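Following my numbering, the numbering of the sequence shown begins with -15 at its first residue and continues without gaps.
Beta carbons: idealized from backbone N, C-alpha and C, even for Gly.
Keep in mind that this is a model prediction, so the values were computed, not measured.
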Amino acid sequence: MTDVKDSSGEDTDSREPIDEAEVEAAMPEPGADSDIKDPVEDEAQSSVGEDFQALKAEAEKFRDMALRAEAEMQNLRRRSERDVQNAHKFGAERLVQNLLPVLDSLEKAIETSLQAGTAEDDPQLEGLKLCLKLFSEVLEKEGIEVVDPLGQPFDPNVHEALSLIENPDMEPNSVMAVIQKGYRLHERLVRPAMVMVSKAPAGA
-15 MTDVKDSSGE DTDSREPIDE AEVEAAMPEP GADSDIKDPV EDEAQSSVGE DFQALKAEAE
45 KFRDMALRAE AEMQNLRRRS ERDVQNAHKF GAERLVQNLL PVLDSLEKAI ETSLQAGTAE
105 DDPQLEGLKL CLKLFSEVLE KEGIEVVDPL GQPFDPNVHE ALSLIENPDM EPNSVMAVIQ
165 KGYRLHERLV RPAMVMVSKA PAGA
């Protein structure tokens, strides 16, 4: 392309003037490239999202494990406290079981003496009664309760029936005689009462 000189000798540009409107029209609109997605960026965002969900799930798992561990510790503490309480309450159970025959012997000795006609003020009999009284008081202080169900309805949970006897004067299934008293330790049965139970006469 050659330059054309005007009459003053200066070069003049033979190119046509640039239309600014056309230039502006050809330029991309601001933000137009925002619609163009970068695959690498999308993949990175997807990876971050997956990592976040994985971390969230892991956190929930550890939170659940912590809650379970705390609940288990509470249960263990309660069981330990209950075991300690039971040890205090029922630790003497075996000792009581071993002492009950001694108590039975004292009661039997007093009963036999009275049946033999021994006077109530007999020194030996009074000594037996005093021993029985002191023994019973000690057991009572330790939480021992006597089960003496004479005349009560038979309860297989605390009574042991030795025999059934027809008795028209008592309600059927009632305790008509106590052969051996029962005992509880803090409401736990240590020994059932051995009893004879009434039943209705045949044909009644």
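Length of the line joining the Cα atoms of residue i and residue j
i	j	result
residue 107	residue 94	12 Å
residue 87	residue 68	29 Å
residue 176	residue 166	5 Å
residue 158	residue 48	57 Å
residue 52	residue 129	42 Å
residue 85	residue 55	46 Å
residue 90	residue 116	6 Å
residue 80	residue 105	30 Å
residue 44	residue 137	59 Å
residue 150	residue 126	39 Å
residue 109	residue 119	15 Å
residue 65	residue 71	10 Å
residue 135	residue 92	21 Å
residue 34	residue 50	24 Å
residue 154	residue 58	53 Å
residue 103	residue 62	57 Å
residue 98	residue 78	32 Å
residue 152	residue 124	37 Å
residue 75	residue 38	53 Å
residue 100	residue 82	28 Å
Under the three-state DSSP convention, the category residue i falls into
i	result
residue 125	helix
residue 107	helix
residue 165	coil
residue 148	strand
residue 16	With a pLDDT of only 49 at residue 16, under 50, the local geometry of the prediction cannot be trusted, and no value is derived from it.
residue 184	coil
residue 100	coil
residue 134	coil
Residue i, buried or exposed, once every other Cβ within 10 Å from all chains shown has been counted against 16
i	result
residue 160	buried
residue 140	exposed
residue 133	buried
residue 122	exposed
residue 181	buried
residue 112	buried
Rounded Cβ spacing between residue i and residue j (contact assumed at less than 8 Å)
i	j	result
residue 143	residue 174	No, residue 143 and residue 174 are not in contact; Cβ-Cβ is about 14 Å, not under 8 Å.
residue 184	residue 156	4 Å
residue 172	residue 131	The pair is not a contact, with the Cβ atoms about 12 Å apart (cut-off 8 Å).
residue 170	residue 73	5 Å
residue 163	residue 146	6 Å
Residue i: CB within 7 Å of a non-hydrogen atom of the ligand GTP
i	result
residue 135	Looking for the ligand GTP in the displayed structure turns up nothing, as the structure carries no ligands at all.
Beta strand (DSSP E) runs contained entirely in the segment 21 to 91, provided each spans 3 or more residues
none
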